[in-house]
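Report on the following structure.
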Amino acid sequence: MAWQPRDTSHSSALGPGNTGPSLADPRPGNGNHSVRNAVLHPTCGAQAFAVIPAAANGQPHKHTQDPYVTGTSVLGITYKDGVMLASDTLGSYGSTKRYKSIDRLVRVNDRVVVGAGGELSDFAYIIKLLDELATDDFVADDGVQLAPSEVHSYLQRVLYNRRNKFDPLWNSLVVGGVGPDGRPFLGTVGMIGTAFTDAHVATGFGNHLARPLFRERHRPDMSEEEATKLLHDALRVCYYRDKQSINKFRIITSTAAGVKLTEPFALETNWGYKAFVDPTANATGAW
Amino acid sequence: MVKAPEAGFQFDLAKRNAYLEAKGVKPPAPWKTGTTIAGIIFKDGVVLGADTRSTAGTTVADKNCEKIHYIAPNVYCCGAGTAADTENVTGMISSQLDLHRYALQRQTRVVTAMTLLKSHLFKYQGHVSAALVLGGVDVRGPHLFTVYPHGSTDALPYATMGSGSLNAMAVFEDEYRDDMSREDAIKLVAKAIRSGIFNDLGSGSNVDICVIEANDKVEYMRNMEYLQGRTYDRQQPIVFKPDSLKVTGEKEHAVVNLDAVHIIEGEPGDAMDVST
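For the record, the sequence lines run as chains D and R.
By my numbering, the letter at position 128 of the first sequence is numbered 128, and the numbering carries on one by one without gaps.
Add 1000 to the 1-based position in the second sequence for my numbering, that's all there is to it.
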């Protein structure tokens, strides 16, 4: 059977967008590691001009194993009116602070917000998938939009399926919003498809630095001021102790009234403790 | 004949391990032993804190061990890492400082303990797995140091070590102020250790606190917070007071139906009567 280029448009069997490599394609002739798959055919129908060397040598496709441009922790808490997600705006390239104005918190629709840490190109793909879902909702024009628990479920399935094909989307996601019953929803999905919901969540370093503060101080009926203060304190600690962070943050809030994204802001930090001034006054050789 | 194992570190397999690693074989990862230890400098001294859980892999070996070790009358040291290493290293340095005090007739300085510890650990290139929070008060004031297994040190106003260190450090970064009072400092260290106990699986049980002030004034509060107590005490046997239960109904059942039992008279040892 001649090789057929696969669809990039919606296929109801595959769900919106591309869900992955040719293994997902049920048509015969695709999905096996033959030399045919070494040649990359452009879907516009032009002549092929690129080849995957490993596939040409008969080896199976090896997909990206390491993240390159990454975001660090995302914090999320529920409060009286809804949920708040917070993150900094840094895209790190290894140890380099490369992109300092990345938005890692996005609005899906009036009821759902998503935040991500990890590989930012994979997050861009996830945003594309969610955008297609939201557009479908808009086009249907029936007054019904995706609920946060539905987005959480959807992302869990996408990430778990990619994990099973050994081609993960290298992200830790936080999904939050106000459900159709008016109750706040907050959940998290990991890169291998781990998913759960809680009153407060965090990804990455936030788990160790922010969750203890949340456990002490969080209450489900917090006011907006209290919730903002708690997030600010947690962000500050994350900035102090996470080397891949900068002092530039955004907070996205989802309530029954809609979604609000703050402008980037900085937090006050204190580096002036007495002991930092001359720490080794009495300890020659220490630092 | 079985040969007794040689004492000290064995490096015979180093070449083989390097070869294997070059071939892509991952060596087993070192156990991250569970602990939360913390220290803080307050206005007139130092407060040290530690949890009390000692783990062997995923089992809790000792539910109430002591992680704050005596070094000198005015110097104490919390230890994280391999328990044998922390106990013995602090014991050794404590003995050395005993002799040192006899020779000098002076109070031990905290930097002396720090230098002895770091020299020893550096000599063993990190193989002695002891991560310490060393604190004390001497003629130059209160001091707090962290000592890492490879031999580096930090001089800090507040410090945490162990698997629960990030959880405890979050509390310190949020609430530490210069020149805290004694009571506030104790409360803050206890809160930081509790943060490690409740958020880290490697730390648990109770909180030990040690407060060191000038002129060898030390208050060692063993199990200052006893968190591992049973939340429910089961009573065996359960004793109900006579009128404490309400009788809702009564039913009579025959337990043994005596009509079903045929009693055969006769001498023991007689053959069974099988006539129908």
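Here a beta-carbon is modelled for each residue, glycine too, at the ideal position from N, C-alpha and C.
Where residue i meets chain R, residues with beta-carbon distance less than 9 Å
i	result
alanine 283 of chain D	Val1110, Val1111, Met1114, Thr1115, His1143, Phe1145, Thr1153 and Ala1155
Residue i (DSSP reduced to helix, strand or coil)
i	result
lysine 1032 of chain R	Residue placement at lysine 1032 of chain R cannot be trusted, given a pLDDT of 45 that sits under 50; the coordinates are not used to answer.
lysine 274 of chain D	helix
serine 1054 of chain R	strand
lysine 1278 of chain R	Any answer about residue 1278 of chain R is impossible in this case: the structure gives chain R only from 1001 up to 1276.
valine 1110 of chain R	helix
methionine 1221 of chain R	strand
glycine 29 of chain D	Legend: pLDDT at glycine 29 of chain D = 48, less than 50; position of this residue unreliable, no value from coordinates given.
serine 92 of chain D	strand
asparagine 1017 of chain R	helix
phenylalanine 214 of chain D	helix
arginine 236 of chain D	helix
valine 1255 of chain R	coil
isoleucine 1212 of chain R	strand
proline 184 of chain D	strand
leucine 1048 of chain R	strand
tyrosine 160 of chain D	helix
tyrosine 1102 of chain R	helix
proline 148 of chain D	helix
phenylalanine 1145 of chain R	strand
histidine 10 of chain D	Any answer about histidine 10 of chain D is weak, because its pLDDT of 46 lies below 50 and its placement is not dependable; what the coordinates show is given next. Residue state, collapsed to three classes: coil.
alanine 1260 of chain R	helix
glycine 1024 of chain R	coil
leucine 1132 of chain R	strand
glycine 20 of chain D	Unreliable positioning characterises glycine 20 of chain D in this predicted model, as indicated by a pLDDT of 49, which lies under 50. A coordinate reading is not provided.
valine 1274 of chain R	coil
glycine 1081 of chain R	strand
valine 1247 of chain R	coil
Contacts of residue i in chain D (Cβ-Cβ under 8 Å)
i	result
leucine 1166 of chain R	Phe205, His208, Leu209 and Arg241
phenylalanine 1198 of chain R	Pro212 and Arg215
isoleucine 1041 of chain R	Ala275
Beta-carbon gap between residue i and residue j smaller than 8 Å
i	j	result
proline 148 of chain D	glycine 179 of chain D	yes
tyrosine 93 of chain D	valine 74 of chain D	no
leucine 1144 of chain R	leucine 1132 of chain R	no
cysteine 238 of chain D	leucine 267 of chain D	no
threonine 1108 of chain R	valine 1075 of chain R	yes
threonine 262 of chain D	arginine 250 of chain D	yes
glycine 1164 of chain R	glycine 1196 of chain R	yes
aspartate 1208 of chain R	arginine 1194 of chain R	no
leucine 105 of chain D	serine 87 of chain D	yes
lysine 248 of chain D	lysine 100 of chain D	yes
isoleucine 77 of chain D	alanine 227 of chain D	yes
lysine 1063 of chain R	glycine 1079 of chain R	no
serine 254 of chain D	glycine 176 of chain D	yes
threonine 1160 of chain R	phenylalanine 1172 of chain R	yes
glycine 82 of chain D	threonine 203 of chain D	no
leucine 213 of chain D	alanine 1185 of chain R	no
proline 279 of chain D	alanine 1155 of chain R	yes
First and last residue of the uninterrupted alpha helix (DSSP H) at residue i
i	result
glutamate 1175 of chain R	1165-1175
alanine 195 of chain D	Note, alanine 195 of chain D: premise wrong, no alpha helix (DSSP H); beta strand (DSSP E) at 195-197.
tyrosine 79 of chain D	Run containing tyrosine 79 of chain D: none; DSSP gives neither H nor E here.
leucine 289 of chain D	No statement about residue 289 of chain D is possible, as the shown extent of chain D runs from 1 to 287 and does not include it.
aspartate 1062 of chain R	Taken as a continuous stretch (DSSP letters only), aspartate 1062 of chain R belongs to no alpha helix (DSSP H), being part of the beta strand (DSSP E) at 1059-1062.
valine 201 of chain D	Premise fails: valine 201 of chain D lies in the beta strand (DSSP E), 200-202, not in any alpha helix (DSSP H).
Chain D residues whose Cβ lies nearer than 7 Å to that of residue i
i	result
aspartate 1178 of chain R	Tyr273 and Lys274
asparagine 1215 of chain R	Simply none; closest approach about 17 Å.
arginine 1140 of chain R	Asn282
phenylalanine 1122 of chain R	Per Cβ cutoff of 7 Å: no residues; phenylalanine 1122 of chain R is ~11 Å from chain D at best.
serine 1195 of chain R	Pro212
Residue(s) in a DSSP beta bridge with residue i
i	result
cysteine 44 of chain D	In the DSSP output, where bridge partners are listed per residue, cysteine 44 of chain D has none listed.
tyrosine 1070 of chain R	R:Tyr1076
arginine 107 of chain D	D:Val113
lysine 260 of chain D	D:Thr253
methionine 1161 of chain R	R:Ile1037
serine 1195 of chain R	Paired residue(s): none; serine 1195 of chain R is not in a bridge.
tyrosine 99 of chain D	D:Gly91
leucine 85 of chain D	D:Gly76 and D:Ile252
alanine 289 of chain D	Chain D is shown from 1 up to 287; residue 289 of chain D falls before or after that span and cannot be answered.
alanine 50 of chain D	D:Leu40
glycine 71 of chain D	D:Gly118
Listed by chain order, chain R residues near residue i by CB distance under 8 Å
i	result
aspartate 233 of chain D	Asp1174
valine 74 of chain D	Within 8 Å Cβ-Cβ: nothing; valine 74 of chain D doesn't reach chain R, min ~16 Å.
proline 279 of chain D	Asp1154, Ala1155 and Leu1156
For residue i, the first and last residue of its enclosing beta strand (DSSP E)
i	result
leucine 173 of chain D	171-178
proline 279 of chain D	Segment: none, proline 279 of chain D is in no beta strand (DSSP E) and carries neither H nor E.
aspartate 1154 of chain R	1153-1155
Interface residues of chain R facing residue i [CB-CB closer than 7 Å]
i	result
leucine 213 of chain D	Ala1170 and Asp1174
Contact test: residue i Cβ vs the ligand MN heavy atom, cutoff 7 Å
i	result
threonine 1115 of chain R	The ligand content of the structure shown is nil, which means the ligand MN is not present either.
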